[in-house]
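What follows is a single structure, written as structure tokens, with notes after it.
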Amino acid sequence: MSILFGIILAATSPAVTIPAMLDLIKNGYGSSSGVPTALLASCTIDNMTCIAGYSVSVALIFTTVKITYEMAITFTTIVLSVVGGVVGGRVLWVFPHEGSHHVHFTRGVLLISVCLALNYGTLAIECPSAGVIATVILSMVASMRWSENAFCFLHLQYKEAESLALMWNFFAMQIMFSLIGYEFDFRKIHTRTVFKAFAILGVGTVVRIIAVFLLSFGCGLRLAEQFFMSVSFLSKATLQAALAPQVVERSEGTSMHKEAVLVMATCVIGIIIMAPIGTLYTLFAAIVFDCSLLNIFFKC
């Protein structure tokens with residue numbers, strides 16, 4: 001349960017980080033160092049790894065059959081979802097044809113439709129993590145060719161991403177945070193549990209900042225950019241809201257229910273505290289990437 005707790009809490013919220021990085025790329029901030037692009041890739045890989053780890057941990061903790069059988073099913077599901085995502089992304093390389101009319105609109109509609117089909121289909125067969133992994137891989141593979149084809153036309157390079165970000169900012173994000181508030185029941189969270197959750201969140205946050213900061217050495221980044229990367233991984237919302245209630249539901253009637261409630265409480269506090277932080281650091285991102293304003297603090 002401790003490993004499962006760490007995996008859920010470690011995941012970075014794409015709902016906060018990805019739109020912020022897309023705005024930075026669009027406005028030209030960090031283009032020389034490539035920090036926003038690196039953060040986009042890192043957050044995607046981080047979330048995909050956490051989802052895969054969550055699937056394995058849940059299969060081991062709450063299994064009612066032989067562990068070997070459950071592990072075989074879990075790893076097979078992960079492999080098939082990765083293969084399916086790669087194949088789907090390659091299909092979107094050639095369809096629709098880049099010279100066709102309304103190609104960007106068609107790409108966006110196809111991407112949303114396929115991702116919805118994958119997620120709802122895997123939910124129907126009770127393998128929800130497979131749909132998420134396949135969706136992430138498919139989007140990554142498809143975007144490689146789309147951005148390459150539009151490289152000569154900078155105003156079209158992020159057309160699909162801008163369209164999806166617009167839908168997210170004005171429609172989907174409000175629904176998601178409303179469902180987060182509806183899902184969590186504060187009556188189940190006691191005061192003692194809240195103090196434990198704050199302690200766990202505080203220790204985890206400090207360790208995460210230090211780890212990311214140290215790992216960013218040797219990448220040719222300035223200290224300000226290294227610190228920015230460290231803070232960027234702190235935002236919590238989407239995966240915590242999706243995965244924590246599943247753990248509580250699965251633990252009902254077992255000896256691990258108290259630990260599951262602690263997981264839930266920590267995720268609630270993490271969303272309340274860390275999601276605004278993710279929004280605030282974007283306000284200062286332009287300063288971080290403006291070398292002339294940092295000369296008095298750091299050597300650019």
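Be aware that the sequence shown starts at 1, since it is given in the UniProt record's numbering, and climbs by one per residue.
Glycine included, every Cβ here is placed at the ideal spot set by N, Cα and C.
- Judged by DSSP secondary structure, H97 falls outside any alpha helix (DSSP H); it is assigned neither H nor E.
- For A197, the uninterrupted alpha helix (DSSP H) run begins and ends at T191 to L215, by DSSP.
- Within the same chain, and ignoring the five residues on either side of T106 in sequence, the residues whose Cβ sits closer than 8 angstroms to its Cβ are P96 and S100.
- Within the same chain, and ignoring the five residues on either side of V103 in sequence, the residues whose Cβ sits closer than 6 angstroms to its Cβ are P96.
- Under the 10 Å beta carbon count, A244 is surrounded by 16 or more other beta carbons and is classified as buried.
- The residue from F217, A224, A211 and I112 with its alpha-carbon nearest to that of F233 is A211.
- Between G84 and I45, the gap from beta carbon to beta carbon reaches 9 angstroms or more.
- By the Cβ test, the stretch 168-176 is not in contact with the stretch 119-129, since fewer than three Cβ pairs between them sit closer than 8 angstroms.
- L9 is a Cβ neighbour of Q240, given a cutoff of 9 angstroms.
- With fewer than three CB-CB distances shorter than 8 angstroms, the stretch 128-136 does not count as touching the stretch 66-73.
- The beta carbons of V35 and E225 sit about 5 angstroms from each other, so the pair counts as a contact at 8 angstroms.
- By the neighbour-count definition (other C-beta atoms within 10 Å, threshold 16), T191 is an exposed residue.
- Excluding sequence positions up to five before and after V141, its CB lies within less than 7 angstroms of the CB of G85, V86, G89 and R90, all in the same chain and listed in chain order.
- A direct Cα-to-Cα measurement between Y182 and I175 gives close to 10 angstroms.
- For I45, the enclosing alpha helix (DSSP H) stretches over residues V35 to I61.
- Inclusion of R145 and L92 in the CB contact set at 9 angstroms is warranted, their separation being smaller than that value.
- S81 and K258 have their alpha carbons spaced roughly 33 angstroms apart.
- The residue from N27, I51, S255 and I271 with its alpha-carbon nearest to that of A134 is I51.
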